[in-house]
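Asker:
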Amino acid sequence: MEIENGKMKIEEYNTTCLGTIRAAGGGLIVLDDKMKNGGLIVLNPVTKELTALPSGRDAIC
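Numbering (this note's numbering), first residue to last: 1094 to 1154.
(1) Can you tell me the Cα-Cα spacing of Asn1130 and Val1139, whole angstroms?
(2) Closest to Gly1120 by C-alpha separation, out of Gly1149, Gly1132 and Leu1136, would be which residue?
(3) Opposite Thr1144 in the DSSP bridges: which residues?
(4) Answer with buried or exposed for Leu1124, where buried requires no fewer than 16 other C-beta atoms within 10 angstroms of its C-beta.
(5) Give me the DSSP bridge partner(s) of Gly1118.
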């Protein structure tokens, strides 16, 4: 949903092209990252921002 010039515009998301939905809460959606095996993506459907989460297997230094 977008609000522009005081008018609301509703669009449909095709999240299946990004990956399978794993969880949702607080307005965010967590998806499998199809490009990175075992990776996760957080999607904010309001701002249309995506953020890849670091893998738990990656070393933290």
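We treat Cβ as the ideally placed atom computed from N, Cα and C, and that holds for glycine.
A quick note: this is a predicted structure, and the numbers were derived from the prediction, not measured.
Answerer: The structure says:
(1) Rounded to the nearest angstrom, the two C-alpha atoms are 26 Å apart.
(2) Leu1136
(3) Bridge partners of Thr1144: Val1135.
(4) buried
(5) Leu1121
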